[in-house]
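**Student:**
2 protein chains.
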Amino acid sequence: MARLPVVISLDPPKDKGWDWALGIAEEMKDLVVAFKVGWPLLLEGKEKLGTLREMAPVVLDLKLADISFTMINIIRRLEFDAVIAHAFVGREKALRELREELNKQDKELYLVVAMSHKGADELLNRMWRENVLIAYELADGIVAPATRPELLVKIRKVWPRKVLSPGVGVQGARPCSAVKLGADAEIIGRTVTRNPSPREYLLRLYSGCKA
Amino acid sequence: MARLPVVISLDPPKDKGWDWALGIAEEMKDLVVAFKVGWPLLLEGKEKLGTLREMAPVVLDLKLADISFTMINIIRRLEFDAVIAHAFVGREKALRELREELNKQDKELYLVVAMSHKGADELLNRMWRENVLIAYELADGIVAPATRPELLVKIRKVWPRKVLSPGVGVQGARPCSAVKLGADAEIIGRTVTRNPSPREYLLRLYSGCKA
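Residue numbers (UniProt numbering), protein chains in the order written: chain A, 1 to 211; chain B, 1 to 211.
#1: Do residue 7 of chain B and residue 37 of chain B have their CB atoms nearer than 8 Å?
#2: What does residue 91 of chain B reach in chain A if we use C-beta pairs closer than 7 Å?
#3: Bridge partners for residue 164 of chain A per DSSP, in chain order?
#4: Taking only three categories from DSSP, how would you classify residue 118 of chain A?
#5: Measuring only between beta-carbons, confirm whether residue 185 of chain A sits less than 8 Å from chain B.
#6: Hey, is residue 115 of chain B's beta-carbon within less than 8 Å of any beta-carbon in chain A?
#7: How about residue 221 of chain B and residue 65 of chain B: do their beta carbons lie closer than 8 Å?
#8: Going straight from the alpha carbon of residue 87 of chain A to that of residue 111 of chain A, what length do you get?
#9: Could you tell me which chain A residues have their CB closer than 7 Å to the CB of residue 63 of chain B, listed as they occur along the chain?
#10: Give the residues of chain A in contact with residue 88 of chain B, contact being defined as C-beta atoms less than 7 Å apart.
#11: When DSSP labels each residue in this structure, what does residue 44 of chain A get in the three-state scheme?
#12: Quick check on the burial criterion: 16 or more other C-beta atoms within 10 angstroms. Buried or exposed for residue 146 of chain A?
#13: On the criterion of 16 or more Cβ atoms from any shown chain inside 10 Å, does residue 14 of chain B qualify as buried, or is it exposed?
#14: In chain order, what are the residue ranges of uninterrupted beta strand (DSSP E) at least 3 long that sit wholly in the segment 7–90 of chain B?
#15: Measure from the alpha carbon of residue 153 of chain A to the alpha carbon of each residue in A:135, A:128, A:181, A:161, then state which is nearest.
#16: By the three-class DSSP mapping on this structure, what secondary structure does residue 132 of chain B have?
#17: For the alpha helix (DSSP H) that residue 201 of chain A lies in, which residues bound it at each end?
#18: Just confirm the distance between the C-beta atoms of residue 9 of chain A and residue 189 of chain A, as a whole number of angstroms; I'd bet it's less than 8 Å.
#19: Is there at least one Cβ from chain B nearer than 8 Å to residue 74 of chain A's Cβ?
#20: Anything in the segment 10–41 of chain B with a Cβ closer than 7 Å to a Cβ of chain A? List those residues in chain order, please.
#21: When the Cα atoms are used, what is the spatial distance from residue 50 of chain B to residue 56 of chain B?
#22: Cutting at 6 Å between CB atoms, please list the residues of its own chain near residue 259 of chain A, excluding the five before and the five after it.
#23: Taking its Cβ as the centre, do 16 or more other Cβ atoms sit within 10 Å of residue 89 of chain A, making it buried, or is it exposed?
#24: Shorter than 8 Å from the beta carbon of residue 95 of chain A to some beta carbon of chain C?
#25: Determine which residues of the segment 161–181 of chain B have a Cβ less than 7 Å from any Cβ of chain A, and write them out in chain order.
#26: Report yes if the CB atom of residue 94 of chain B is closer than 8 Å to the CB atom of residue 172 of chain A, and no otherwise.
#27: Just to confirm the assignment, what range does the alpha helix (DSSP H) spanning residue 92 of chain B have?
#28: Can you tell me the Cα-Cα spacing of residue 202 of chain B and residue 82 of chain B, whole angstroms?
#29: Applying a beta-carbon distance threshold of less than 7 Å, which residues of chain B neighbour residue 109 of chain A?
#30: What does a CB cutoff of less than 6 Å around residue 105 of chain B pick up in its chain, not counting 5 residues either side in sequence?
#31: Quick check on residue 46 of chain B - is its C-beta less than 8 Å from some C-beta in chain A?
#32: Taking Cβ-Cβ distances shorter than 8 Å, what residues in chain A pair up with residue 43 of chain B?
#33: Please name the residue in A:115, A:138, A:12, A:30 whose C-alpha comes closest to that of residue 73 of chain B.
#34: Using 8 Å as the threshold, is the C-beta distance between residue 175 of chain B and residue 136 of chain B below it?
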């Protein structure tokens, strides 16, 4: 069976950690293209990243937005396949050096060019063109929101590589809506991971959805 | 003795962690206004934050730049006195809800309005006015770079609350230069923490420097 165009976000509830995450992952590993791990789970330890990578590729959603020295200091402590950073921090002494480090490690870089929440429209999403230009030079893929379908279409027209799209489910976009507009995969978290039957629910939400 | 207008950044070298950080902190705790802890140290565990807070206030430099759900999910797992986030992610469903959570916990929020590295001039530092306006509504203090003295002066003229200034030392700005331009404290890391006699070196760098 082909995998669903879905990246499962493994952000645990406040009182949960890696046991919760690995349980969900075990249930989904044959269905999805990757697992997304963020800071909440990493704060419960980084030792299980290798175990998770054996199930599916791991995208670290660190939303890195710092100087190169610090970003590199962070990623050298972690196991992963791809990492998400913010395009807006710019190239020199930031993303360019991060890219060089990722090249050495043979890992992927995704850059956030726009976000899914309402406040993103104040500043960040107004800069999407500049962010895409930075991504052109440095990124394997971008992150662009399912909650802004018109923006997603504009971005897809000018961006030839991978697009991951968050904002599906709790945040308001419908499952498969971003994939239909050209995203390679949708990032989905709470909607599925808090469901009592996550595997069945995911299969139902994405039945007939193709990237 | 009055404390120096300095926040010490406890980002450890790749092969070091909390033993290194607590050793530096023990040596400096009577001299500085706070310690800054970032993701590299947190990836070595979060259990020692309480121990560090007994020495001096702890500013978590997480450069948060995510939706409110995730930012709150992160900070609820940590002990701290103040946290640094990025202004550019905007208010609704992001910084506004983060502020509300910090109010409940009686903790401070610092927002990055401009950064110290060269790439910051591409996008982020062009938005400093908009970032300051967001900070007006939501922040106890801001983070603005010592490496851009002209910008720092402009920001200080329109920003009445606290200013923390990174970029001193390795990144190029001279110790005390930002304090002289109105910053409340300078953030300094590697220059001091990698020195063989960090306490003596810090005292020498900041002799005669007053906020």
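Ideal Cβ placement from N, Cα and C applies to all residues, glycine included.
**Tutor:** Once the coordinates are examined:
#1: Sequence index remark: in the second sequence, residue 7 of chain B carries index 7 (1-based). Sequence index remark: in the second sequence, residue 37 of chain B carries index 37 (1-based). With contacts defined by Cβ atoms closer than 8 Å, residue 7 of chain B and residue 37 of chain B do not form a contacting pair.
#2: Counted from its first residue, the second sequence places residue 91 of chain B at position 91. Under the 7 Å cutoff, chain A gives 119, 122.
#3: Here the question's residue 164 of chain A lines up with position 164 in the first sequence. Paired residues: A:143, A:185.
#4: Position 118 of the first sequence, counting from 1, holds the residue named residue 118 of chain A. Helix, per DSSP.
#5: Taking the first sequence and counting its residues from 1, one reaches residue 185 of chain A at position 185. Judged by the 8 Å Cβ criterion, residue 185 of chain A is not in contact with chain B.
#6: Taking the first residue of the second sequence as 1, we reach residue 115 of chain B at position 115. Residue 115 of chain B counts as touching chain A.
#7: Residue numbering for chain B in the displayed model covers 1 to 211; residue 221 of chain B lies beyond these limits and cannot be assessed.
#8: Your numbering for residue 87 of chain A matches position 87 in the first sequence. Your numbering for residue 111 of chain A matches position 111 in the first sequence. One C-alpha to the other measures close to 5 Å.
#9: Position 63 of the second sequence, counting from 1, holds the residue named residue 63 of chain B. Under the 7 Å cutoff, chain A gives 65, 66.
#10: In the second sequence, residue 88 of chain B corresponds to position 88, counting from 1. Per Cβ cutoff of 7 Å: 88, 123, 124.
#11: Along the first sequence, one-based indexing puts residue 44 of chain A at 44. Shown here, residue 44 of chain A sits in coil according to DSSP, grouped into three states, outside any helix or strand.
#12: By one-based count along the first sequence, residue 146 of chain A stands at place 146. Buried.
#13: Along the second sequence, one-based indexing puts residue 14 of chain B at 14. Classified as exposed, residue 14 of chain B has fewer than 16 neighbouring CB atoms from the shown chains inside 10 Å of its CB.
#14: DSSP runs (the beta strand (DSSP E)) wholly in the segment 7–90 of chain B: 34–38, 58–64, 82–86.
#15: Stepping through the first sequence from its first residue, residue 153 of chain A is reached at position 153. Closest by C-alpha distance to residue 153 of chain A, out of A:135, A:128, A:181, A:161, is A:181.
#16: Counting from one through the second sequence, the residue named residue 132 of chain B turns up at place 132. Correct three-state label for residue 132 of chain B: helix.
#17: Residue mapping note: residue 201 of chain A aligns to position 201 of the first sequence, counting from 1. If you look at residue 201 of chain A, you'll find it in the alpha helix (DSSP H) that goes 198–205.
#18: Translated into positions along the first sequence, residue 9 of chain A becomes position 9. Translated into positions along the first sequence, residue 189 of chain A becomes position 189. Indeed they touch by this definition, with Cβ atoms about 3 Å apart.
#19: The residue you call residue 74 of chain A lines up with position 74 of the first sequence. For residue 74 of chain A, a Cβ of chain B is located within less than 8 Å of the residue's own Cβ.
#20: Those residues of the segment 10–41 of chain B placed with their C-beta closer than 7 Å to a C-beta in chain A are 11, 14, 38, 39, 40, ordered along the chain.
#21: Within the second sequence, the letter at position 50 stands for residue 50 of chain B. Within the second sequence, the letter at position 56 stands for residue 56 of chain B. The straight-line gap from Cα to Cα measures roughly 10 Å.
#22: Nothing can be reported for residue 259 of chain A: it is not among the residues displayed for chain A, which extend from 1 to 211.
#23: If you number the first sequence from 1, residue 89 of chain A lands on position 89. It counts as buried.
#24: Among the chains of the structure shown, chain C does not appear; the protein chains present are A and B.
#25: The residues in question: there are none.
#26: What you label residue 94 of chain B is simply residue 94 of the second sequence in a count that begins at 1. What you label residue 172 of chain A is simply residue 172 of the first sequence in a count that begins at 1. Their beta carbons are not under 8 Å apart, which means residue 94 of chain B does not touch residue 172 of chain A by this criterion.
#27: Position 92 of the second sequence, counting from 1, holds the residue named residue 92 of chain B. Here residue 92 of chain B belongs to no alpha helix (DSSP H), and DSSP marks it neither H nor E.
#28: For the purposes of this step, residue 202 of chain B is taken as the residue at position 202 of the second sequence. For the purposes of this step, residue 82 of chain B is taken as the residue at position 82 of the second sequence. Answer to the nearest angstrom: the Cα atoms are 23 Å apart.
#29: The residue labelled residue 109 of chain A in the question sits at position 109 within the first sequence. Identification of chain B residues near residue 109 of chain A by a Cβ-Cβ cut-off of 7 Å yields none; the smallest Cβ-Cβ distance measures about 14 Å.
#30: Position 105 of the second sequence holds residue 105 of chain B. Answer for residue 105 of chain B: no residue qualifies.
#31: Working through the second sequence from its first residue, we reach residue 46 of chain B at position 46. Yes - at least one Cβ of chain A is within 8 Å of the one on residue 46 of chain B.
#32: By one-based count along the second sequence, residue 43 of chain B stands at place 43. Residues of chain A passing the Cβ test: 42, 46, 74, 77, 78.
#33: For the purposes of this step, residue 73 of chain B is taken as residue 73 along the second sequence, with counting starting at 1. In this structure, A:12 is the residue among A:115, A:138, A:12, A:30 with its C-alpha nearest to the C-alpha of residue 73 of chain B.
#34: Here residue 175 of chain B is taken as the residue at index 175 of the second sequence, counted from 1. Here residue 136 of chain B is taken as the residue at index 136 of the second sequence, counted from 1. The criterion of a C-beta distance shorter than 8 Å is not satisfied by residue 175 of chain B and residue 136 of chain B.
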